[in-house]
Amino acid sequence: MAKLNALPQGSTVLVTGANGYIGSHVANTILEQGYRVRGTVRSPKPWLDELFQSKYGKDKYESITLSNFEDEEALAKAFDGVSAVAHVASDVSFSKDPNAVIPWVVRATETVLAAAAKFPAIKRVVLTSSSSAVLIPETNKAGVRVDENTWNDSAVKSAWDPNLAEDKKPYYIYAASKTEGERAAWKWVEKNKPGYVFSTVLPNCNWGEILHPEIYGSTMGWVRDVLKGDHKAFALYVPQYFVDVVDTARLHAIALLGDNVESQRIFGFAEEVNRSDVFKTLRALRPDNANIPEPDENEGHDLTEVVPAKKAEQLLKDYYGRGWAGYKESLEAGIRGLTTMAESTQKKSLGPEALESDDEDQRFANRVNQALREYVEMRHGRGHC
């Protein structure tokens, strides 16, 4: 297999948002390769230090508080002594005001890139983008083709449209922020030609193991809600591609550490999945759970051709010896992890009370769930769900 040795063993990699669902997996994967990790958090997270230090050693992981990515002095402190940066953190406020989100994401991204360029020791920088930076999937729409030059310009246009329906604003603004943030990053790198290699990773919907009870779990939380009888969030799920969160983390590791990986947009699109696929899998995994809905056989599919996905899978094969994890495997890992967490807290429910997050992550969960509730309730009112 190809080697993940673009940086000397023992080098330190900075991972922003290390307490998040994807960020924690990126940190874990880098640590598995024998590197040190410095993770940024917005407020102290003793459980995160304990999670990684107990597994890899106290000298392998450290957290640093960084609440503002436009604070150049704080960034300089975070970047001092590191050899690579994985910028995973982003705005997930799901605000309905594009002025509060999109310009901030662009500025913060450019500030991170500029700050990293001031440190000659930094050789690789990877930005976590999103599938929403290239498209918002449409069910059964034929002829849609995505390649490395695709951008979600329609989401950007919609996000700034004053007539955009209220229920669509949070997600379209988020998609526009990921589009404009990544595009601005590539433009900045092209213009300023920093001394590091820059790449981006664009994951779709992530499922799979959650590493700690304090981590909200992002889209894996939607599955948790289904198991406890709350289907509102999953009512939003349209047929689309998915990727296992471990594969997402590995793609970050490849971009950071792979010898022959430079200046790439790496697409984390494993396979197309609809709600019916998920419900069938959950019923097979939890046959005694009466909360799982009946599958809808006429739901439809995401027919998008994602050309760069094969290239990303080949990277996984080259560096890790296997391709994409399937959605059934991913859902099983996520449910197993959630069950373990519930048992560890000595609670029987799979609801939020069984997986209580710290204040910051709970606020994030509340913002997401509020946006989801508003969206679903408005669509229910119009008879679309």
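Per UniProt numbering, the sequence shown runs over residues 1 to 385.
Beta carbons: idealized from backbone N, C-alpha and C, even for Gly.
How many angstroms separate the CA atom of LYS178 from the CA atom of LEU202?
-> What you label residue 178 is simply residue 178 of the sequence shown in a count that begins at 1. What you label residue 202 is simply residue 202 of the sequence shown in a count that begins at 1. Taking the straight line from one Cα to the other gives about 10 Å.
Taking DSSP as the reference, what is the three-state secondary structure of GLY57?
-> In the sequence shown, the residue the question calls residue 57 occupies position 57. It is coil, neither helix nor strand.
Within this structure, are the beta carbons of GLU305 and VAL134 separated by less than 9 Å?
-> For the purposes of this step, residue 305 is taken as residue 305 along the sequence shown, with counting starting at 1. For the purposes of this step, residue 134 is taken as residue 134 along the sequence shown, with counting starting at 1. Taking a C-beta distance under 9 Å as the contact criterion, GLU305 and VAL134 do not qualify as a contact pair.
Roughly how many angstroms lie between the CA atoms of ALA159 and PRO98, to the nearest whole one?
-> Against the sequence shown, residue 159 aligns to sequence position 159. Against the sequence shown, residue 98 aligns to sequence position 98. Approximately 6 Å between the Cα atoms of the pair.
Spatial distance of TYR21 from TRP207 (CA atoms) = Taking the first residue of the sequence shown as position 1, residue 21 is located at position 21. Taking the first residue of the sequence shown as position 1, residue 207 is located at position 207. Put simply, the backbone Cα of TYR21 is about 10 Å away from that of TRP207.
With a CB to CB cut of under 6 Å and the five nearest residues on each side skipped, what residues in its chain are close to ALA333?
-> As a working note, residue 333 is residue 333 in the sequence shown. Taken in chain order, the residues that qualify are GLY208, GLU209.
Residue span of the beta strand (DSSP E) that contains GLN240, given as start and end = As a working note, residue 240 is residue 240 in the sequence shown. First-last of the beta strand (DSSP E) with GLN240: 240-244.
Residues that DSSP places opposite ASN206 in a beta bridge = The count along the sequence shown starts at 1 and reaches residue 206 at position 206. Partner residues in the beta bridge of ASN206, as assigned by DSSP, are VAL243.
Going by CA-CA distance only, name the one from ALA235, VAL144, LYS169 that's closest to ASP296.
-> By one-based count along the sequence shown, residue 296 stands at place 296. Nearest C-alpha to ASP296: ALA235.
Coarse secondary structure for ALA270, derived from DSSP in three states = Here residue 270 is taken as the residue at index 270 of the sequence shown, counted from 1. Residue state, collapsed to three classes: coil.
Could you tell me whether the segment 192-202 touches the segment 125-144, where touching means 3 or more Cβ pairs closer than 8 Å?
-> Flag = yes, the segment 192-202 and the segment 125-144 touch.
When DSSP labels each residue in this structure, what does ALA165 get in the three-state scheme?
-> The count along the sequence shown starts at 1 and reaches residue 165 at position 165. Coil, per DSSP.
Local conformation of GLU313 per DSSP, three classes = To locate residue 313, count along the sequence shown from 1; it is residue 313. Three-state result, GLU313: helix.
Is the beta carbon of ASN68 sitting closer than 9 Å to the one on ALA76?
-> For this step, residue 68 is matched to residue 68 along the sequence shown. For this step, residue 76 is matched to residue 76 along the sequence shown. In this structure, ALA76 does not lie closer than 9 Å to ASN68 by Cβ.
Leaving out the 5 sequence neighbours to the left and right, which residues in its chain are closer than 7 Å to GLU70 when beta-carbon positions are compared?
-> Taking the sequence shown and counting its residues from 1, the one referred to as residue 70 is at position 70. Excluding residues within five positions, the ones whose Cβ falls inside 7 Å are ARG107, ALA108, THR111.
Taking DSSP as the reference, what is the three-state secondary structure of THR200?
-> The residue you call residue 200 lines up with position 200 of the sequence shown. Here THR200 sits in strand by DSSP.
ARG107 by DSSP, collapsed to three states: which one?
-> The sequence position of residue 107 within the sequence shown is 107, counting from 1. In the structure shown, ARG107 sits in a helix (DSSP, three-state: H, G or I).
Helix, strand or coil at GLU305 [DSSP, three-state] = Locating residue 305 in the sequence shown gives position 305, counting from the first residue. In the structure shown, the three-state DSSP call for GLU305 is strand.
Between the segment 262-276 and the segment 244-252, are three or more C-beta pairs nearer than 8 Å?
-> Yes, the segment 262-276 touches the segment 244-252.
Helix, strand or coil at LEU350 [DSSP, three-state] = The residue you call residue 350 lines up with position 350 of the sequence shown. Residue confidence is low: LEU350 scores 34 on pLDDT, short of 50, so the model does not pin down where it sits. Its coordinate-derived value is still stated next. Note: LEU350 maps to coil in three-state DSSP.
Could you have a look at SER24 and say whether DSSP puts it in helix, strand or coil?
-> Within the sequence shown, numbered from 1, the residue matching residue 24 stands at position 24. Reduced to three states, the DSSP call for SER24 is helix.
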